[in-house]
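These notes concern the structure reproduced below.
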Amino acid sequence: MTITTKVEEAGFRPASRIAGVGVSKILQIGAKAAAMKREGLPVIILGAGEPDFDTPDHIKKAAKVAIDAGETKYTALDGSPALKQAIVGKFRRENGLDYSVDEVTVGAGAKQILFNAFMATINPGDEVIIPTPYWTSYSDIVEVCGGTSVLVPCDAGARFRLQAEQLEKAITPKTRWVLLNSPSNPSGAAYSAEDYQPLIEVLLRHPQVWLMADDMYEHIIYDDFTFVTPVALEPRLKERVLTINGVSKAYAMTGWRIGYAGGPKALIKAMAVIQSQATSCPCSVSQAAAIAALNGPQEFLKDRRASFKQRRNLVVSRLNAVDGLECRTPEGAFYTYSGCAGVLGKTTPKGKKIVTDADFTDYLLEEAHVAVVPGSAFGLSPFFRISYAMSEVELVEALDRIETACAALQG
Ligand code: PMP
597 MTITTKVEEA GFRPASRIAG VGVSKILQIG AKAAAMKREG LPVIILGAGE
647 PDFDTPDHIK KAAKVAIDAG ETKYTALDGS PALKQAIVGK FRRENGLDYS
697 VDEVTVGAGA KQILFNAFMA TINPGDEVII PTPYWTSYSD IVEVCGGTSV
747 LVPCDAGARF RLQAEQLEKA ITPKTRWVLL NSPSNPSGAA YSAEDYQPLI
797 EVLLRHPQVW LMADDMYEHI IYDDFTFVTP VALEPRLKER VLTINGVSKA
847 YAMTGWRIGY AGGPKALIKA MAVIQSQATS CPCSVSQAAA IAALNGPQEF
897 LKDRRASFKQ RRNLVVSRLN AVDGLECRTP EGAFYTYSGC AGVLGKTTPK
947 GKKIVTDADF TDYLLEEAHV AVVPGSAFGL SPFFRISYAM SEVELVEALD
997 RIETACAALQ G
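Take 597 as the starting number for the sequence shown in the numbering used here and just add one per residue.
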């Protein structure tokens, strides 16, 4: 993929499976912004894909108790029985899904779940349909596993959602998976039951195609949007859907590294084979914390949603007031994905022409000291992503700077 920097150094020969893959563009921008900050520049980083809240106290306490109780050894390969039971309970309670313990798996983050699933199912040349804009790791993991990503552009006009005709057209005899992410990183767009239905009908006509539903941002939704996951809408799909979720975003637990999924027994078993050779099991202490997250009080999620919503409204209204930028109101997650077509072709005060969204985000970083991620990193241009998981004071300052920087463009 062109969105990443390849691992190339004199005298080092990487395996061909990573020849086209590298360090994520998001991490590169973060590293550059952090280096500028260390030099004393007042950089505001709106690139992070994690909540700014802390992990709730009852979850931290469960981890401390687990350490003192000696839960410090290897656990069962793909999750302790107690955590698997908590996941079964979560799927039943929140999603109306009926998974048994041998139909769920736990990994070191949802990222490992995706990796295990692709590693366990993809043969060279197998295709994975990924609507763009997409979370950058999807296509890189597919590539590492020897598969081919089939990127399908889903523009702002389609509210960044895959349409049934697009799905139908993208399916070939080599299609193994379709990957849907709702609410989406980076667009914040989410699929309602009505949005999913036509896609489900296409999938029912193509029984060889499996679906990964990445529900990572399930709990971060706004207004009157009702979250739904595909298997809940069509139980016949259960035998070929992997329903992916995790505690990172909802419970502010990105560093604990616990993700999980529900899916057909045979797939779950195959994924355990990969995990057994990669990590043996997810961290025992983090698993204890995840049990507390899933079984514990959920009321605080409402307050966090309200806080994110306030920030979403602030960012969307401020961006839409800037000449040249256009931002739709996302249904969920903590990102905005704004169009910047209106600034392309303009010239910076230093005389640089802005040709691409990456030129624009470079300008924002270098001159306004605001780090955001260009749409090219997510496979759909010209856009840029802002993560608003950040204090309102810093957001206002960053938005002021973006406004001033855009007003200074000539042409
Ligand atoms: N899916 C999506 C859409 C994400 O944005 C992320 C994190 N950025 C993940 C999965 C992985 O999350 P984790 O590995 O922390 O569980």
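Idealized CB from N, CA, C, for every residue including glycine. Quick caveat: nothing in here was measured; it's all calculated off a predicted structure.
Just the Cα atoms here: how many angstroms apart are Ser620 and Val968?
What you label residue 620 is simply residue 24 of the sequence shown in a count that begins at 1. What you label residue 968 is simply residue 372 of the sequence shown in a count that begins at 1. Cα to Cα, the separation comes out at about 14 Å.
For Gly938, report the span of its alpha helix (DSSP H) as first-last.
In the sequence shown, the residue the question calls residue 938 occupies position 342. Run containing Gly938: none; DSSP gives neither H nor E here.
Relative to the ligand PMP, is the shortest distance from any of its heavy atoms to the C-beta of Ser844 smaller than 6 Å?
The residue given as residue 844 occupies position 248 in the sequence shown. Ser844: yes, Cβ under 6 Å from the ligand PMP.
Is Ala611 near the ligand PMP, judged by its Cβ being under 6 Å from some heavy atom?
Within the sequence shown, residue 611 is the residue found at index 15, counting from 1. No, the beta carbon of Ala611 sits no closer than 6 Å to any heavy atom of the ligand PMP.
Alpha carbon to alpha carbon, how far is Thr944 from Pro782?
Counting from one through the sequence shown, the residue named residue 944 turns up at place 348. Counting from one through the sequence shown, the residue named residue 782 turns up at place 186. Taking the straight line joining both Cα atoms gives about 26 Å.
Report yes or no: do three or more beta-carbon pairs, one from the region 832–839 and one from the region 630–645, lie closer than 8 Å?
Flag = no, the region 832–839 and the region 630–645 do not touch.
If you follow the alpha helix (DSSP H) that Phe956 is in, where does it begin and where does it stop?
What you label residue 956 is simply residue 360 of the sequence shown in a count that begins at 1. Element bounds for Phe956: Asp953 to Tyr959.
With 16 other CB atoms within 10 Å as the buried threshold, where does Lys843 fall?
To locate residue 843, count along the sequence shown from 1; it is residue 247. The sequence as given places Val at residue 843; Lys does not occur at that position. Classification for Val843: buried.
So what does Gln1006 bridge to, in DSSP terms?
For the purposes of this step, residue 1006 is identified with residue 410 of the sequence shown, where counting begins at 1. DSSP, once it has assigned bridges, lists Thr943 as partnering Gln1006.
Specify the secondary structure class of Arg981 as computed by DSSP and reduced to three states.
Residue numbering aside, residue 981 sits at position 385 when the sequence shown is read from its first letter. In the structure shown, Arg981 sits in a strand (DSSP, three-state: E or B).
Across which residues does DSSP place Ala857 in a beta bridge pair?
Position 261 of the sequence shown holds residue 857. DSSP output for Ala857 lists Thr701 and Ile840 as bridge partner(s).
May I ask you to report which of helix, strand or coil DSSP gives Met632?
In the sequence shown, residue 632 corresponds to position 36, counting from 1. Looking at Met632 - three-state DSSP - the assignment turns out to be helix.
Any chance you could list the beta strand (DSSP E) runs of at least 3 consecutive residues sitting entirely within the region 708–772, in chain order?
As far as the region 708–772 is concerned, its whole beta strand (DSSP E) runs of at least 3 residues are 723–728 and 744–749.
Which residue comes first and which comes last in the alpha helix (DSSP H) that contains Asp791?
Working through the sequence shown from its first residue, we reach residue 791 at position 195. Ala789 to Arg801 is the extent of the alpha helix (DSSP H) around Asp791.
Span of the alpha helix (DSSP H) holding Ala886?
For the purposes of this step, residue 886 is identified with residue 290 of the sequence shown, where counting begins at 1. Ala886 -> alpha helix (DSSP H) spans Ser880 to Asn891.
Take the Cβ of Glu927 as the centre, count every other Cβ of all protein chains shown within 10 Å, and call the residue buried at 16 or more, exposed below.
Walking along the sequence shown from the start, residue 927 turns up at place 331. With 16 or more other Cβ atoms within 10 Å, it is buried.
Buried or exposed for Asn909, please, with buried defined as at least 16 other CB atoms from any protein chain shown within 10 angstroms of its CB.
Walking along the sequence shown from the start, residue 909 turns up at place 313. Flag for Asn909 reads exposed.
Give me the Cα-Cα distance between Arg613 and Ala874, rounded to the nearest whole angstrom.
Stepping through the sequence shown from its first residue, residue 613 is reached at position 17. Stepping through the sequence shown from its first residue, residue 874 is reached at position 278. Using only the alpha carbons, I get a separation of about 17 Å.
Would you kindly check if the distance between the Cβ of Ser972 and the Cβ of Ala954 is under 7 Å?
Sequence index remark: in the sequence shown, residue 954 carries index 358 (1-based). Sequence index remark: in the sequence shown, residue 972 carries index 376 (1-based). Yes. Within cutoff.
Buried or exposed for Ala902, going by 16 or more other Cβ atoms inside 10 Å?
Translated into positions along the sequence shown, residue 902 becomes position 306. Counting Cβ neighbours within 10 Å, Ala902 comes out exposed, since fewer than 16 surround it.
Just checking Lys686 against the ligand PMP - is the residue's beta carbon closer than 6 Å to any of the ligand's heavy atoms?
Here residue 686 refers to the residue found at position 90 of the sequence shown. No.
By the three-class DSSP mapping on this structure, what secondary structure does Asp650 have?
By one-based count along the sequence shown, residue 650 stands at place 54. Reduced to three states, the DSSP call for Asp650 is coil.
Can you find a heavy atom of the ligand PMP that lies under 6 Å from the Cβ of Asn841?
Taking the first residue of the sequence shown as position 1, residue 841 is located at position 245. No - the ligand PMP has no heavy atom lying nearer than 6 Å to the Cβ of Asn841.
Should the region 889–899 be regarded as contacting the region 727–744, the criterion being three or more beta carbon pairs within less than 8 Å?
No, the region 889–899 does not touch the region 727–744.
Under 6 Å: does the beta carbon of Trp731 sit that close to some heavy atom of the ligand PMP?
In the sequence shown, the residue the question calls residue 731 occupies position 135. Under cutoff, so the answer is yes.
Once you ignore the five residues that flank Trp731 on each side, which residues in its own chain have a CB closer than 6 Å to its CB?
The sequence position of residue 731 within the sequence shown is 135, counting from 1. If we look at Trp731 and ignore the five residues flanking it on each side, its Cβ neighbours are Asn781.
Assuming Leu776 and Leu758 are in contact, meaning their beta carbons sit under 8 Å apart, how far apart are those beta carbons, in whole angstroms?
Your numbering for residue 776 matches position 180 in the sequence shown. Your numbering for residue 758 matches position 162 in the sequence shown. With 8 Å as the limit, Leu776 and Leu758 qualify as a contact, their Cβ atoms being about 7 Å apart.
So, with DSSP's three-state summary, where would you put Val684?
Taking the first residue of the sequence shown as position 1, residue 684 is located at position 88. Here Val684 sits in helix by DSSP.
Kindly examine the ligand PMP and report whether one of its heavy atoms sits closer than 6 Å to the Cβ of Asp810.
Within the sequence shown, the letter at position 214 stands for residue 810. Yes, the ligand PMP has a heavy atom inside 6 Å of this Cβ.
Who are the near neighbours of Ala848 in its chain, counting only those whose CB is closer than 7 Å to its CB and skipping five residues on each side?
To locate residue 848, count along the sequence shown from 1; it is residue 252. Counting only Cβ-Cβ distances below 7 Å, and skipping sequence neighbours, we find Pro647, Phe649, Asp650 and Thr651.
So is the beta-carbon of Gly626 under 6 Å away from any non-hydrogen atom of the ligand PMP?
Counting from 1 along the sequence shown, the entry for residue 626 is found at position 30. Every heavy atom of the ligand PMP is 6 Å or more from the Cβ of Gly626, so no.
Can you confirm whether the region 787–801 touches the region 765–776 when touching is taken to mean that 3 or more C-beta pairs between the two stretches lie within less than 8 Å?
These segments touch.
Any heavy atom of the ligand PMP closer than 6 Å to the beta-carbon of Gly703?
Counting from one through the sequence shown, the residue named residue 703 turns up at place 107. Not so, every heavy atom of the ligand PMP lies at least 6 Å from the Cβ.
Excluding five sequence neighbours on each side, which residues of the same chain lie with their C-beta closer than 7 Å to the C-beta of Lys845?
Locating residue 845 in the sequence shown gives position 249, where the first residue counts as 1. For Lys845, where only same-chain residues beyond five positions count, the Cβ hits under 7 Å are Pro647, Met812, Tyr813 and Ile816.
Use the C-beta contact count for Ala1003: other C-beta atoms within 10 angstroms, 16 or more gives buried, fewer gives exposed.
On the sequence shown, residue 1003 is found 407 positions in, with the first residue counted as 1. Ala1003 should be labelled exposed.
Is it right to say Arg914 is buried, meaning 16 or more other beta carbons lie within 10 angstroms of its own, or is it exposed?
Start at 1 with the first residue of the sequence shown, and residue 914 comes out as number 318. Classification for Arg914: buried.
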